[in-house]
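Enquirer: Chains as they are written, first to last, in our numbering: chain F, 1 to 531; chain L, 1001 to 1215. Note that the Cβ used here is the ideal one computed from N, Cα and C, for glycine as well. Before I ask anything, here is the structure I am working with.
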């Protein structure tokens, strides 16, 4: 196989079939990227249509039932098909082995299998869209989900199957991090993106099966009636909420942790400074992963759980904010006296910093028992969630995508348009969601089809923000595709990054490195490593 | 059929440095998988605990409808099958390839016996109408009796599904073992399926007293 060593992985094999049967983690990552972008577009369109409906308290485009189906579609697609696999399965698949100096992930065939399982699960979700699209919300709460006549079964079965894809990716990454590191790559020489993916993988492996059994029980309940969730036959609907959030709270950390990992990469490379508090950031990822298992009850303050339980869950929710804050302070400290280079990826990094902080602080508000009673199920929750998930994870994803794009494809995009698009997305995002904090604090309930006239100006302003943001995404799409047709190739390290992926060619050869790298330095030691 | 099986040398996959790294990776991956299996079943065990606390008398009453002798027989069968599985791995480790195949066939047979016994039990429950709520069709002293059978069928059904998957994997092992793929330097799939099989066995060992031996 000697001749493969110098050829980049795009050119190593040709044809459609070579992609279908590839076990190369880089190709699998790129295929994931395609599906994830498709899912994001679909979920985004659903959100755009919902926002248009909300221009007026009366009917604009959709009936009330269709509106319910659209917000369910938006939630389910964005959560299960986009945001959970987004960074780990696409960027993580591509860069985890590169960053630790491995030839591939530990189980390349399993990696391909998890991609196929993802596509298979996605088909179920698409099927359910055609056949009576679900109207339960992405949380599938009983007893409504056991009584509605929409296609809950195919949608939950889809999410169940997608869960397996997620579990297999997590297993693969855990073993890859443990067993595949290059010589000299000790645990504390690993880039922080790897640490964050490791923490994410633990969550994927240990939390996802609980969702799997929950959804399976929901399906069995709906088809045969076992009487554990459906109160009509003696079941307990609150038990469903406990089961669901036991997964779905850790799941929000599955969504945010990888983005935090990307932040650590961006903040060192674009300040040319060693990260401040490497170990604190690494350990805080693990701390978040562990504590996140113990906070699910804060979704259920008003479900009738005991005051004692609520108090404990509230306290634990405050505790889980600490490791997140540690990360934010360390990133800010990293910038101190660094030579800051405001390239597009770092602009996304800074956006993350602002938006995630707003999302985090409002999370503290919601974790406070007395406030949550008022804020519960209002647009305030919607805004908080989107500040963390979109302001956090999507900004992180875009930052990572722009950061690694030249490494993945060997081409650089147009920096000018990239900055314009980033500004549009940032401004549009705040127009949409900051408005919703105000709406929520004035008492606008979430998931409502209609509203009081006094809310109309704010709703209209929020909707107009989606158009600004949408324009930004269209520009991103155009210049990224356009970059692929550019002639000039990029160097190994266009940003001056020094982690291992920047020490190989762009795009990398089939087995990533021509010679297995031997590591004898910290990952961000800009004094020692010169590229 | 009496001729010796010839060893087929295993080649280390391209992305590993040596067979030790390959074996250790597989083993760690398998343990991670077993971890998720345990959490998968944990949802059912939690449901069991909650409903047993809500309806303690009903659970005692209901468990009398299960045949503990059949359950005990199945427990013995599964423990024996775990033993033959271990012996299959051991045989490969000492290069007794023929013996390895025989032990695998024994394991498969025990698994089949388990499913047959389970089938008789299911048939008897179904004929008496002891089924989940939508199909429940029996005279009962307790109005929530269907919950016990809902949980019973879900737990044992999912466990049975795992047994079936295990049987499929054992067939695959038998085919590979007959071709001589497993020997002292390479028995990874045997070891991994073995781990899985012991977990399936272990889950049954918890299910048996929880469902059959209450009261």
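Assign residue 1130 of chain L to one of three DSSP states: helix, strand, or coil.
Expert: If you number the second chain from 1, residue 1130 of chain L lands on position 130. Here residue 1130 of chain L sits in coil by DSSP.
Enquirer: For residue 146 of chain F, does the three-state DSSP call read helix, strand or coil?
Expert: Sequence index remark: in the first chain, residue 146 of chain F carries index 146 (1-based). Residue 146 of chain F: helix per DSSP, three-state reduction.
Enquirer: Mind checking which residues open and close the alpha helix (DSSP H) that includes residue 227 of chain F?
Expert: As a first step, residue 227 of chain F must be located in the first chain, where it is residue number 227. Residue 227 of chain F -> no alpha helix (DSSP H), and no H or E assigned at all.
Enquirer: Only counting the same chain, and skipping five residues up and downstream in sequence, which positions put a Cβ closer than 7 Å to that of residue 406 of chain F?
Expert: By 1-based counting over the first chain, the position of residue 406 of chain F is 406. Taken in chain order, the residues that qualify are 412, 490, 494 and 506.
Enquirer: I'd like to know whether the C-beta of residue 1086 of chain L is nearer than 9 Å to at least one C-beta of chain F.
Expert: Along the second chain, read from residue 1 onward, the residue named residue 1086 of chain L stands at position 86. Answer no: the Cβ-Cβ gap between residue 1086 of chain L and chain F never drops below 9 Å.
Enquirer: When you check each C-beta in the stretch 1142-1163 of chain L against every C-beta of chain F, which residues fall closer than 7 Å?
Expert: Cβ contacts with chain F: 1144, 1146, 1147, 1150, 1151 and 1154.
Enquirer: Where do the ends of the alpha helix (DSSP H) carrying residue 307 of chain F lie?
Expert: The count along the first chain starts at 1 and reaches residue 307 of chain F at position 307. Element bounds for residue 307 of chain F: 307-335.
Enquirer: Using a Cβ-Cβ cutoff of less than 6 Å, which residues in the same chain neighbour residue 1044 of chain L once the five nearest sequence positions on both sides are dropped?
Expert: For the purposes of this step, residue 1044 of chain L is taken as residue 44 along the second chain, with counting starting at 1. Only 1155 meet the Cβ criterion.
Enquirer: Evaluate residue 64 of chain F with the Cβ neighbour count: other Cβ atoms within 10 Å of its Cβ, from every protein chain shown; 16 or more gives buried, anything less gives exposed.
Expert: Here residue 64 of chain F refers to the residue found at position 64 of the first chain. Label assigned to residue 64 of chain F: exposed.
Enquirer: Which residues share a DSSP beta bridge with residue 1183 of chain L?
Expert: What you label residue 1183 of chain L is simply residue 183 of the second chain in a count that begins at 1. Beta-bridge pairing links residue 1183 of chain L to L:1186.
Enquirer: May I have the straight-line CA-CA distance separating residue 1042 of chain L from residue 527 of chain F, to the nearest angstrom?
Expert: Taking the second chain and counting its residues from 1, the one referred to as residue 1042 of chain L is at position 42. Taking the first chain and counting its residues from 1, the one referred to as residue 527 of chain F is at position 527. The alpha-carbon atoms of residue 1042 of chain L and residue 527 of chain F are separated by roughly 50 Å.
Enquirer: With H, G and I counted as helix, E and B as strand and the rest as coil, what does DSSP make of residue 176 of chain F?
Expert: In the first chain, residue 176 of chain F corresponds to position 176, counting from 1. The answer is helix: DSSP assigns residue 176 of chain F an H, G or I state.
Enquirer: Going by beta carbon distance, what residues of the same chain come within less than 7 Å of residue 60 of chain F, once the five residues before and after it are set aside?
Expert: Translated into the one-based positions of the first chain, residue 60 of chain F becomes position 60. For residue 60 of chain F, where only same-chain residues beyond five positions count, the Cβ hits under 7 Å are 52 and 53.
Enquirer: Compare the C-beta of residue 1024 of chain L against all C-beta atoms of chain F and say whether one is closer than 9 Å.
Expert: Counting from one through the second chain, the residue named residue 1024 of chain L turns up at place 24. Output row for residue 1024 of chain L: interface = yes.
Enquirer: Residue 378 of chain F by DSSP, collapsed to three states: which one?
Expert: Reading the first chain from its first residue, position 378 is the one you call residue 378 of chain F. Strand.
Enquirer: Measure the C-alpha to C-alpha separation of residue 121 of chain F and residue 76 of chain F and round it to an integer number of angstroms.
Expert: As a working mapping, residue 121 of chain F is identified with position 121 in the first chain. As a working mapping, residue 76 of chain F is identified with position 76 in the first chain. Taking the straight line joining both Cα atoms gives about 12 Å.
Enquirer: Under DSSP, the alpha helix (DSSP H) around residue 51 of chain F begins and ends at which residues?
Expert: Position 51 of the first chain, counted from the start, is the residue given in the question as residue 51 of chain F. Per DSSP, residue 51 of chain F belongs to the alpha helix (DSSP H) from 25-53.
Enquirer: By the criterion of Cβ-Cβ separation under 8 Å, what are the contact partners of residue 1123 of chain L in chain F?
Expert: Counted from its first residue, the second chain places residue 1123 of chain L at position 123. Near residue 1123 of chain L there are no residues of chain F at all, since even the closest Cβ is about 17 Å away, more than 8 Å.
Enquirer: Output the boundary residues of the alpha helix (DSSP H) element that contains residue 1075 of chain L.
Expert: As a first step, residue 1075 of chain L must be located in the second chain, where it is residue number 75. 1068-1093 is the span of the alpha helix (DSSP H), which, as asked, contains residue 1075 of chain L.
Enquirer: Could you check which residue in F:514, F:525, F:529 and F:509 has the C-alpha nearest to that of residue 11 of chain F?
Expert: If you number the first chain from 1, residue 11 of chain F lands on position 11. Residue F:509 is the option with its Cα nearest to residue 11 of chain F.
Enquirer: Who pairs with residue 509 of chain F in a beta bridge, going by DSSP?
Expert: For the purposes of this step, residue 509 of chain F is taken as the residue at position 509 of the first chain. DSSP, once it has assigned bridges, lists F:8 as partnering residue 509 of chain F.
Enquirer: Just the chain F side, please: which residues come within less than 7 Å of residue 1039 of chain L by C-beta, in chain order?
Expert: Counting from 1 along the second chain, the entry for residue 1039 of chain L is found at position 39. Those are 206, 209 and 210, listed as they occur along chain F.
Enquirer: Any Cβ of chain L within less than 9 Å of the Cβ of residue 61 of chain F?
Expert: Mapped onto the first chain, residue 61 of chain F falls at position 61. No, no contact with chain L.
Enquirer: Can you give me the C-alpha to C-alpha distance between residue 280 of chain F and residue 286 of chain F, rounded to a whole angstrom?
Expert: What you label residue 280 of chain F is simply residue 280 of the first chain in a count that begins at 1. What you label residue 286 of chain F is simply residue 286 of the first chain in a count that begins at 1. Cα to Cα, residue 280 of chain F sits roughly 10 Å from residue 286 of chain F.
Enquirer: What's the call for residue 116 of chain F, buried or exposed, on a 16-neighbour Cβ count within 10 Å?
Expert: Position 116 of the first chain holds residue 116 of chain F. So residue 116 of chain F counts as exposed.
Enquirer: Can you pull the chain L residues whose beta carbon is under 7 Å from the beta carbon of residue 185 of chain F, in chain order?
Expert: Translated into the one-based positions of the first chain, residue 185 of chain F becomes position 185. Near residue 185 of chain F there are no residues of chain L at all, since even the closest Cβ is about 13 Å away, more than 7 Å.
Enquirer: Is residue 1056 of chain L near the ligand SAM, going by C-beta to nearest heavy atom under 8 Å?
Expert: Here there are no bound small molecules, and the ligand SAM is not part of this structure.
Enquirer: Which residues of chain F have a Cβ atom closer than 7 Å to the Cβ of residue 1033 of chain L, listed in chain order?
Expert: Here the question's residue 1033 of chain L lines up with position 33 in the second chain. Here the neighbours are 171.
Enquirer: How long is the line joining the alpha carbons of residue 1048 of chain L and residue 1060 of chain L, rounded to whole angstroms?
Expert: Translated into positions along the second chain, residue 1048 of chain L becomes position 48. Translated into positions along the second chain, residue 1060 of chain L becomes position 60. Residue 1048 of chain L and residue 1060 of chain L: Cα-Cα distance of roughly 13 Å.
Enquirer: Please classify residue 1209 of chain L as buried or exposed, where buried requires at least 16 other C-beta atoms within 10 Å of its C-beta.
Expert: Taking the second chain and counting its residues from 1, the one referred to as residue 1209 of chain L is at position 209. Label assigned to residue 1209 of chain L: exposed.
Enquirer: Answer with yes or no whether the minimum CB distance from residue 1132 of chain L to chain F is below 9 Å.
Expert: Position 132 of the second chain, counting from 1, holds the residue named residue 1132 of chain L. Output row for residue 1132 of chain L: interface = yes.
Enquirer: Name the one or two DSSP bridge partners that residue 445 of chain F has.
Expert: Locating residue 445 of chain F in the first chain gives position 445, counting from the first residue. In the DSSP output, where bridge partners are listed per residue, residue 445 of chain F has F:378.
Enquirer: Measure the Cβ-Cβ separation of residue 88 of chain F and residue 163 of chain F and say whether it is below 9 Å.
Expert: Walking along the first chain from the start, residue 88 of chain F turns up at place 88. Walking along the first chain from the start, residue 163 of chain F turns up at place 163. No, the Cβ-Cβ distance between residue 88 of chain F and residue 163 of chain F is not below 9 Å.
Enquirer: For a test of the three-state rule: what should DSSP assign to residue 485 of chain F, helix, strand or coil?
Expert: Translated into positions along the first chain, residue 485 of chain F becomes position 485. The answer is coil: DSSP assigns residue 485 of chain F none of H, G, I, E or B.
Enquirer: Find out if the Cβ-Cβ distance for the pair residue 1174 of chain L, residue 1108 of chain L is shorter than 9 Å.
Expert: Here residue 1174 of chain L refers to the residue found at position 174 when the second chain is read from its first residue. Here residue 1108 of chain L refers to the residue found at position 108 when the second chain is read from its first residue. Yes; because the gap between Cβ atoms is below 9 Å, this pair is in contact.
Enquirer: Under the three-state reduction of DSSP, which class applies to residue 342 of chain F: helix, strand or coil?
Expert: Looking up residue 342 of chain F in the first chain gives position 342. Residue 342 of chain F: coil per DSSP, three-state reduction.
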